[in-house]
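K.L.:
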Amino acid sequence: MSDPCTVDRLKERAGKEVLLRGWVRTTRRKGRIGFLVLRDGTGDVQCVAVRNEVGDELFDLLDFGKTIGAEVRFIEYMDVGGATRWSQERVFSKREMLAIIEDRAGAKATPIDLESWAPARRFRLPDGTTFGIIASTTEPFCRTCDRSRLTADGVFYSCLYAQKGLDLRAKLRTGASDEELEALLASSWRSREDRGAEIRLELAKRDALVEVDRLRKDPHLEMHTRGG
Ligand code: SF4
C-alpha cells in the first residue's frame, strides 16, 4: 500500500511526484489560474447509528468515507432533547457496531490514538481504513468533557443535557462590558458540574429526555439549537 500523505504534510514530499486524491469541494479562479479545493482525508463525517435503521451497511459507509476523503465516525443514538422517539432498544452500541465491522472486514480493528481526549474512539482495520465510534450513550466521557455551546440567540450551555443556560444576550442588552461577560462565563464554567450522559446512564428506567410539549414551549431544549 502506498504511504498516504495529507495536504498539511506535503512539505515532506517536496521535489517528489505525488498523486493527490481527495474530494473536490469547490473550485476557485483568480485570473487565469484555477484552484481545486479538496478535502484531503483529514476531515470526518459523523452519523448517528440507530438500531433497525442501519445494520451491517455500517461497513459500506466506511467505503463511502474513502470516496469523499473523510473518516467516518459513528455516534450512538443519544436520549437528548429532540430525540423524542429514543428508546434503549434503538441504541446501537459501540460494542455491537465494532462487532459488525470486524465481522464484515474479517479482521480485528486495532484501537488507535489511545492518548486522545477526543470523544471518538478511533480504530484501524488491517487494510488501513480508519473509523471512529462515539459511545456517548453506553460509555459517556463527561469526565473529560471540555465543551460548551452558544445558541444563535446568545444562550451559553455547558452541557448537551443542560436544562438551563446563561443568557448572554440579555446581559449584552443591559450593557454588560466585555470584562463583565468574561467574568460571568468564567464563573459559570468554574462552577460547572455537568455530567449529563453519565447521570442518564445511571437511571434504572430511561426514556426520551424531553417530551414534545416541553420542546415546543422551549426550543432551546432541542439539541440542534445548541449545536449538538
Ligand atoms: S453529557 Fe454533557 S458533560 Fe457529558 S460529554 Fe456530553 S456535554 Fe459533556
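Be aware that the sequence shown starts at 181, since it is given in the numbering used here, and climbs by one per residue.
Ideal Cβ placement from N, Cα and C applies to all residues, glycine included.
The structure displayed is predicted, hence computed values, not measured ones.
1. Closest to T186 by CA distance: which of V230, S316, E251, R372 is it?
2. Counting Cβ pairs closer than 8 Å, one from the region 248-264 and one from the region 310-322, do we hit at least three?
3. Can you list, in chain order, the residues of its chain whose CB lies under 7 Å from that of S338, leaving out five sequence neighbours each side?
4. Whose C-alpha, out of D387, G214, C227, A279, is nearest the C-alpha of D236?
5. Decide if A300 is buried, meaning its Cβ has at least 16 other Cβ atoms within 10 Å, or exposed.
6. Just to confirm the assignment, what range does the alpha helix (DSSP H) spanning G245 have?
7. Tell me which residues pass a beta-carbon proximity test against ligand 1: closer than 6 Å to any heavy atom, given in chain order.
8. If I'm right that Y341 touches R304 with Cβ under 8 Å, what's the distance once you round it to whole angstroms?
9. Which residue's Cα is closest to the Cα of E402: L241, T331, R193?
10. Who are the near neighbours of M181 in its chain, counting only those whose CB is closer than 7 Å to its CB and skipping five residues on each side?
11. Is M181 helix, strand or coil by DSSP?
12. Within the region 315-367, note down every full alpha helix (DSSP H) run reaching 4 residues or more, in order along the chain.
13. Quick one: give me the first and last residue of the alpha helix (DSSP H) that E382 is part of.
14. Return the Cβ separation of F336 and L352 in integer angstroms, given the expectation that the two are a contact with Cβ distance under 8 Å.
15. Do the region 206-215 and the region 228-248 touch if we need at least three Cβ pairs shorter than 8 Å?
16. Label V260 either buried or exposed according to how many other C-beta atoms from any shown protein chain fall within 10 Å of its C-beta, with 16 as the threshold for buried.
P.N.:
Based on what the coordinates show:
1. Taking only the C-alpha atoms, the option nearest T186 is E251.
2. yes
3. S328, S368, W369, R372, D374
4. A279
5. Around the beta carbon of A300, a 10 Å sphere encloses 16 or more other beta carbons of the protein chains shown; the residue is thus reported as buried.
6. 238-247
7. P320, F321, C322, C325, R327, C339, L340, Y341, D374, R375, G376, A377
8. Contact doesn't hold; Cβ gap of about 32 Å is too wide.
9. T331
10. In this predicted model, M181 has a pLDDT of only 49, less than 50, meaning its place in the structure is not dependable; the value taken from the coordinates is given anyway. Contacts found: G308.
11. For M181, the predicted model reports a pLDDT of 49, less than 50, meaning its position is unreliable; a value from the coordinates is still stated below. Reduced to three states, the DSSP call for M181 is coil.
12. 348-353
13. 376-382
14. In fact, because the Cβ distance is near 12 Å, the residues do not count as touching under 8 Å.
15. no
16. buried
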